[in-house]
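Notes for the one structure printed next.
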Amino acid sequence: MITLEKVSKIYPHKVIALKDVSVTIEAGEFVSIVGQSGTGKTTLAKMIIAEEHPNEGRVIIGDWDITNINRKDVPLLRRQIGVVFQDFKLLPQKTLFENVAFALEVSGVSHEKIKQIVPQVLKIVGLQHKQDRFPREVSGGEQQRVVIARALVHRPKILVADEPTGNLDAINAHEIVELLLKINSFGTTVVLVTHNREIVNSLRKRVLTIDHGHLISDQATGKYRL
1 MITLEKVSKI YPHKVIALKD VSVTIEAGEF VSIVGQSGTG KTTLAKMIIA EEHPNEGRVI
61 IGDWDITNIN RKDVPLLRRQ IGVVFQDFKL LPQKTLFENV AFALEVSGVS HEKIKQIVPQ
121 VLKIVGLQHK QDRFPREVSG GEQQRVVIAR ALVHRPKILV ADEPTGNLDA INAHEIVELL
181 LKINSFGTTV VLVTHNREIV NSLRKRVLTI DHGHLISDQA TGKYRL
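Residue numbers (full-length UniProt numbering): 1 to 226.
Here it is as structure tokens:
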């Protein structure tokens with residue numbers, strides 16, 4: 001479960017990113033966070049992964065109050081929360097297998113365990129047959145699938161996807177969303193940050209609308225209304 005209690009984030013020069021936002025996302029939910037650029041939706045996502053900290057309020061993941069989390073504890077949190085960004089950030093000199101494996105290597109996972117886990121997550125995203133290719137040898141949609149596979153290696157309880165379809169055409173974007181729904185069906189909580197009206201309206205899932213830092217709408221089966 002994700003809980004934000006009266007969270008505010010104000011950047012220098014009195015730039016308000018979030019103002020008095022309270023929301024609870026239950027385990028296993030699929031929630032879209034929508035809003036125009038610069039309205040605070042990405043800041044909200046960054047609160048969940050402890051990349052940003054509130055000036056006021058509390059952020060709780062499960063039973064863990066991460067409002068003022070120690071830097072040394074952030075890696076432990078990130079193993080419970082998979083993160084997917086618009087920028088693929090794949091290592092060009094490594095194969096798709098090696099890109100996914102790298103996320104485990106830096107966590108000290110054994111070579112034998114890596115050989116078990118990586119094929120499993122590549123199969124989930126439908127890329128097991130391309131594991132020996134390099135990022136430049138696959139499409140943008142396939143590169144984003146690798147990023148999602150990398151985010152799944154620790155079997156996270158939560159997956160935060162910030163504009164994961166922003167660099168993709170409509171067909172690839174639809175396939176990525178279908179993959180997120182598949183992951184959600186496994187019981188993983190999915191938080192999707194997007195400004196893609198068509199995707200949000202097709203999902204028929206819960207929608208949180210952020211406008212000028214305020215949570216102005218919370219619809220159980222919502223649409224993109226801005």
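Ideal Cβ placement from N, Cα and C applies to all residues, glycine included.
Rounding to the nearest angstrom, what Cα-Cα distance links Arg79 and His111 in this structure? 18 Å
For Lys41, which of helix, strand or coil comes out of DSSP? helix
May I ask you to list the residues that DSSP assigns as paired with Ile60? Thr3, Asp65
Along the chain, where does the beta strand (DSSP E) containing His195 start, and where does it finish? Note, His195: premise wrong, no beta strand (DSSP E); not H, not E.
Just confirm the distance between the C-beta atoms of Asn201 and Lys223, as a whole number of angstroms; I'd bet it's less than 8 Å. 5 Å
Note down the Cα distance separating Leu179 from Ile117, rounded to an integer number of angstroms. 18 Å
Should Gly187 be labelled buried (16 or more other beta-carbon atoms within 10 Å of its own) or exposed? exposed
Judging by CA-CA distance, which residue of Asn68, Ile216, Trp64 is the nearest neighbour of Asn55? Asn68
Expected contact under 8 Å - CB spacing of Leu159 and Val109 to nearest Å: The pair is not a contact, with the Cβ atoms about 19 Å apart (cut-off 8 Å).
Distance between Glu137 and Glu175 (C-alpha atoms, nearest Å): 19 Å
Counted within 10 angstroms of its Cβ, other Cβ atoms place Ser32 as buried (16 or more) or exposed: buried
Closest to Leu18 by CA distance: which of Ser8, Gln131, Gly166 is it? Ser8
Alpha carbons only, please: which of Ile60, Thr3, Ile171, Arg204 is nearest the one belonging to Gln219? Arg204
Taking buried to mean at least 16 other C-beta atoms within 10 Å of its own C-beta, is Asp63 buried or exposed? exposed
Only counting the same chain, and skipping five residues up and downstream in sequence, which positions put a Cβ closer than 7 Å to that of Asp65? Arg58
Residue of Gly28, His212, Val15, Lys14 minimising C-alpha distance to Met1: Gly28
For Thr221, count neighbouring Cβ atoms within 10 angstroms of its own Cβ and tell me buried if that reaches 16, exposed if not. exposed
Enumerated in chain order, which unbroken segments of the beta strand (DSSP E) with a length of 3 residues or greater are wholly contained in the stretch 94 to 163? 158 to 162
Given that a residue counts as buried once 16 or more other Cβ atoms are within 10 Å of its Cβ, and exposed if not, what is Gly40? buried
What are the boundary residues of the alpha helix (DSSP H) that includes Lys205? Note, Lys205: premise wrong, no alpha helix (DSSP H); not H, not E.
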